[in-house]
Amino acid sequence: MLAASAAALARLAAVARAEAARLRERLRHEIDAGSARLGGARGERADATAERDAVADACGVALVLLGPDLVVTSANPLAEALLPAGQAGLVGHSLLLSTLSDELGALAREALDSGEPRDAEVRLPGPSGRLLAISARPLPASGAGPARLALVARDWTDRRHMERVRRDFVANVSHELRTPLASIRATAETLRDGAVDDPAVSQRFLDTIVTETERLARISANLLVLADAESRAREPADVDLTRLLGQTVERFRGPAAKAGVALTCEATGSLVAHAHAEQLEQAFANLVDNAITYTPAGGSVRVSGEAGPDGPVVRVADTGIGMMRDQLPRIFERFYRVDRARSRKSGGTGLGLAIVKHIVESHGGAVSVESELGRGSTFTLCLPAAHGPAAARQPDAPDTRPR
Ligand code: ADP
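The sequence shown begins at 299 in this note's numbering and counts up by one.
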């Protein structure tokens, strides 16, 4: 009897052990499945965040998410590039301490506290001085979670700068047109009021009207050249600079002789640039015209071209009046003249060098100037090299041809 009970107990214990083992196994399976599901959800969330950041980057907007304490919880790569942050990046740090912008901090705080969207333009402190268009959008709290804020920032530095340049340009154009127009009007009124009957006076006044009208025509022609250079309607091609420089110099032989200025041209080897021939000719012409204009009789102007390390280099050097060092940074601005009266007397419009700069830079080149008062000036144009077979063509032998 006792033996039978012991056997029954042993069987029961074995069943219990087997059941416990089965339960343990099931529990392990369920834990494994649970953590796999959790890992998957985490992975999906990371994928969604990466996709959201990629979309924001592609749209050119910086996207920053902030917690209630204005600590950054997420930032796309563009935000990291646009907003100043330390080595450790934006995430995990206070927006205010990262950007040091009270304005941005106040805007974010206001939007978060009020629960209302806020928009503003904010200029960042520090050397970048970027102007950002900021949209601060409070996000609905999820469940019992804290309120959060999305900041979207666009870089408007260039846009606002361009708007100001355009406004200044229109103001300058109207000012430049007003002067000759006022002169024409005053002269015509004087003629109408009786001066027309005095042949000597009327001749002088008619000359003034013709001169001022020519001035207006030059300004409008230069404005058209500038607009044409900006339109970039035509495709660039390989341009033979040696020929182009020669042609330009030939055009100015007459004016140079009349001014008593010796004009020479030297081009070395095969010089080919990838450019718009007409625009380059315009740029060369403006420089040669200036060099002759600002060089007194007895002086000289030398035009030269040679192969540089990155492409052809063209120089227009004169022995003329030169300029002071502090004037040089401004001479490429539209309508800037060192000596307004002198430029006006010689028929200048103040647009010549602005046109040169625009043409050269729109070709990917650069223009620079060296000048010394009373000794002369040298303008240097670095131009893009040719692309096609012409680019590979090496100069056979140095070809220095004075013209
Ligand atoms: P402008 O029509 O008055 O010549 P530009 O834009 O061509 O206008 O030149 C701007 C100013 O730069 C000129 O008014 C002149 O004062 C100065 N400048 C340009 N080229 C020379 C030069 N070769 N020598 C001395 N001054 C120059």
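Note that the Cβ used here is the ideal one computed from N, Cα and C, for glycine as well.
{"Item": "Closest by C-alpha distance to residue 432, when choosing among 464, 470 and 381", "Value": "381"}
{"Item": "Contact set for residue 421: own chain, Cβ-Cβ below 6 angstroms, skip 5 residues either direction", "Value": "429"}
{"Item": "beta-carbon residue 622 near the ligand ADP non-hydrogen atom, thresh 7 angstroms", "Value": "no"}
{"Item": "Member of 547, 634, 552 and 563 whose CA lies at the smallest distance from the CA of residue 580", "Value": "547"}
{"Item": "Counted within 10 angstroms of its Cβ, other Cβ atoms place residue 513 as buried (16 or more) or exposed", "Value": "buried"}
{"Item": "Unbroken alpha helix (DSSP H) run spanning residue 652, endpoints", "Value": "650-660"}
{"Item": "Opening and closing residue of the alpha helix (DSSP H) in which residue 509 lies", "Value": "497-529"}
{"Item": "CA nearest to the CA of residue 405, picked from 601, 309, 600 and 436", "Value": "436"}
{"Item": "Nearest neighbour of residue 401, chosen from 391, 418 and 633 [CA to CA]", "Value": "418"}
{"Item": "Beta-carbon gap between residue 605 and residue 569 smaller than 8 angstroms", "Value": "yes"}
{"Item": "Proximity test, residue 410 beta-carbon vs the ligand ADP heavy atom, cut-off 7 angstroms", "Value": "no"}
{"Item": "beta-carbon residue 626 near the ligand ADP non-hydrogen atom, thresh 7 angstroms", "Value": "no"}
{"Item": "Classification of residue 621 by the beta-carbon crowding that lies within 10 angstroms, buried from 16 upward", "Value": "buried"}
{"Item": "CB contact flag (residue 615, residue 674, <8 angstroms)", "Value": "yes"}
{"Item": "Identity of the residue in 386, 364 and 373 nearest residue 403 by Cα", "Value": "364"}
{"Item": "N- and C-terminal bounds of the beta strand (DSSP E) containing residue 603", "Value": "598-605"}
{"Item": "Any non-hydrogen atom of the ligand ADP closer than 7 angstroms to residue 646 Cβ", "Value": "yes"}
{"Item": "Limits of the unbroken alpha helix (DSSP H) element including residue 405", "Value": "400-412"}
{"Item": "Residues of its chain near residue 483, where Cβ-Cβ distance is below 7 angstroms and the 5 sequence neighbours each way are ignored", "Value": "none"}
{"Item": "Residue closest to residue 537, alpha-carbon to alpha-carbon, out of 632, 609 and 371", "Value": "609"}
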